[in-house]
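Trainee: Counting in the numbering used here, the sequence shown runs without a single skipped number right up to 215 at its last residue.
Quick reminder that beta carbons are idealized off the backbone N, C-alpha and C, glycines included.
I have a structure I would like to understand better, so I am pasting it below and will then ask my questions one at a time.
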Amino acid sequence: MIILIGGEKGGCGKTTLACNLAIWGANNDLDILVIDADPQASAARFFERRESTPRSNISCVRKLGDLYSTIEAMSARFDALIIDTGGRDSIELRTAMVAADYLIVPTQASQLDLETLSYLDEVVGSAKALNPNLSGHCVISRAPNYPNSIELQSAKIFINELRNLKLIRQIVKDRKIYRDCFILGEGVTESKNAQARAEIQLLTQEILVETQALI
Ligand SMILES: Nc1ncnc2c1ncn2[C@@H]1O[C@H](COP(=O)(O)OP(=O)(O)OP(=O)(O)O)[C@@H](O)[C@H]1O
Ligand SMILES: [Mg+2]
Numbered sequence: 001m002i003i004l005i006g007g008e009k010g011g012c013g014k015t016t017l018a019c020n021l022a023i024w025g026a027n028n029d030l031d032i033l034v035i036d037a038d039p040q041a042s043a044a045r046f047f048e049r050r051e052s053t054p055r056s057n058i059s060c061v062r063k064l065g066d067l068y069s070t071i072e073a074m075s076a077r078f079d080a081l082i083i084d085t086g087g088r089d090s091i092e093l094r095t096a097m098v099a100a101d102y103l104i105v106p107t108q109a110s111q112l113d114l115e116t117l118s119y120l121d122e123v124v125g126s127a128k129a130l131n132p133n134l135s136g137h138c139v140i141s142r143a144p145n146y147p148n149s150i151e152l153q154s155a156k157i158f159i160n161e162l163r164n165l166k167l168i169r170q171i172v173k174d175r176k177i178y179r180d181c182f183i184l185g186e187g188v189t190e191s192k193n194a195q196a197r198a199e200i201q202l203l204t205q206e207i208l209v210e211t212q213a214l215i
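Below, the structure written as structure tokens:
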């Protein structure tokens, strides 16, 4: 299973999500490889910090440029590859789309972020011509933590109108615990914060149901 996390907008929580998904997978007996394909190398540094904790190590490699052959070479050796690309339309994102099974585009529920999705939706459409297995998804990330947010409702409507990116029902809210855990090299599912734990667990369940249907 090849899970690609990318998008054109910076700072929406791609790396945070990639690391949390990887930790959830590793703690649920999956052999995971994270490919950090962002020159900023935030995921690689996160897993380096994790090495100085008693938590289980997770393999993370850095790769820039064309990811296709790396993904092809690594995918049979792991249960899942989780690929984190930077916040722009890049060669890493484009080449990974040709090999990935499941693309997750995290987006904040703001108009500025949402506006970038229409173009990305077209890019995913072209990638699907080369890789019919590619299944594109959007998750609303860093969402406001209060009920009945109009911005959140508008974001859902906007995403539901896209052609190639399907809305993931589970939302990732803006919670300080995500930042605290990131500094410690831990996943929120390893923290005592029940709300964040439940959020990532429900999100992974939703992804697993979808991906198993794809296999
Ligand atoms: N759900 C969340 N709740 C609170 N803070 C978050 C959440 N997700 C990410 N953050 C914080 O938001 C900032 C950006 O997150 P992150 O680096 O994961 O985004 P990114 O999309 O990978 O950014 P880039 O485009 O630069 O790669 C970081 O300070 C991170 O700790
Ligand atoms: Mg990042």
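Could you tell me if the beta carbon of GLY7 falls within a distance shorter than 7 angstroms of some heavy atom in ligand 3?
Mentor: Ligands present in the displayed structure are limited to ligand 1 and ligand 2, and ligand 3 is not among them.
Trainee: Identify every run of the beta strand (DSSP E) within the segment 50-118, keeping only runs that are complete inside it and at least 3 residues long; order them along the chain.
Mentor: Those beta strand (DSSP E) runs which fall completely within the segment 50-118 and span 3+ residues are 59-62, 80-85 and 102-107.
Trainee: Exposed or buried, LEU112, counting other C-beta atoms within 10 Å across all chains shown (16 or more means buried)?
Mentor: Per the 10 Å Cβ criterion, exposed.
Trainee: Runs of 4 residues minimum, wholly inside the segment 161-196: which ones carry the alpha helix (DSSP H) assignment?
Mentor: 176-184, all fully within the segment 161-196.
Trainee: Tell me SER135's beta-bridge partners as DSSP assigns them.
Mentor: Answer by DSSP bridge pairing, in chain order: TYR102.
Trainee: GLU186: which of GLY10, CYS19 and TYR68 sits nearest, CA to CA?
Mentor: That would be CYS19, whose Cα lies nearest to the Cα of GLU186.
Trainee: Would you mind giving the Cβ-Cβ distance between ILE168 and CYS138, rounded to the nearest angstrom? I have them listed as a contact below 8 angstroms.
Mentor: About 7 angstroms; that satisfies the 8 angstroms criterion.
Trainee: With a CB to CB cut of under 7 angstroms and the five nearest residues on each side skipped, what residues in its chain are close to ASP66?
Mentor: Here the set comprises ILE91 and THR95.
Trainee: Does ASP121 come out as helix, strand or coil in the three-state DSSP assignment?
Mentor: If DSSP states are grouped into helix, strand and coil, ASP121 belongs with the helices.
Trainee: Tell me whether GLY86 counts as near ligand 2, meaning its Cβ is closer than 7 angstroms to at least one heavy atom of that ligand.
Mentor: Yes, ligand 2 has a heavy atom inside 7 angstroms of this Cβ.
Trainee: Indicate the three-state DSSP secondary structure (helix, strand or coil) for ALA218 in the structure shown.
Mentor: Missing from the structure shown is residue 218; the chain here goes from 1 to 215 and no further.
Trainee: I need the DSSP call for LEU4, collapsed to helix, strand or coil.
Mentor: Strand, per DSSP.
Trainee: When you compare the CB positions of ARG142 and CYS12, do they come within less than 8 angstroms of one another, or not?
Mentor: Yes, these two residues count as a Cβ contact at 8 angstroms.
Trainee: Name the two residues that bound the continuous beta strand (DSSP E) containing LEU17.
Mentor: Unbroken run through LEU17 is the alpha helix (DSSP H), 14-27; no beta strand (DSSP E).
Trainee: Decide if GLU199 is buried, meaning its Cβ has at least 16 other Cβ atoms within 10 Å, or exposed.
Mentor: Buried, since its Cβ has 16 or more Cβ neighbours within 10 Å.
Trainee: Could you tell me if ASP29 is buried or exposed, where buried requires 16 or more neighbouring beta carbons within 10 angstroms of its beta carbon?
Mentor: Exposed, by the Cβ-count rule.
Trainee: If you check the beta carbons only, do MET97 and LEU21 fall under 8 angstroms apart?
Mentor: Against a cut-off of 8 angstroms, the Cβ pair of LEU21 and MET97 comes out as no contact.
Trainee: What's the gap between the Cα of VAL209 and the Cα of ASN27?
Mentor: Taking the straight line joining both Cα atoms gives about 18 angstroms.
Trainee: Quick one: is SER135 buried, meaning 16 or more other Cβ sit within 10 Å of its Cβ, or exposed?
Mentor: SER135 is buried by the Cβ-count criterion.
Trainee: Taking buried to mean at least 16 other C-beta atoms within 10 Å of its own C-beta, is PRO39 buried or exposed?
Mentor: Per the 10 Å Cβ criterion, exposed.
Trainee: Closer than 6 angstroms by C-beta to ASP31: which residues in its own chain qualify, once you throw out the five before and the five after it? Chain order, please.
Mentor: For ASP31, where only same-chain residues beyond five positions count, the Cβ hits under 6 angstroms are PHE78 and ASP79.
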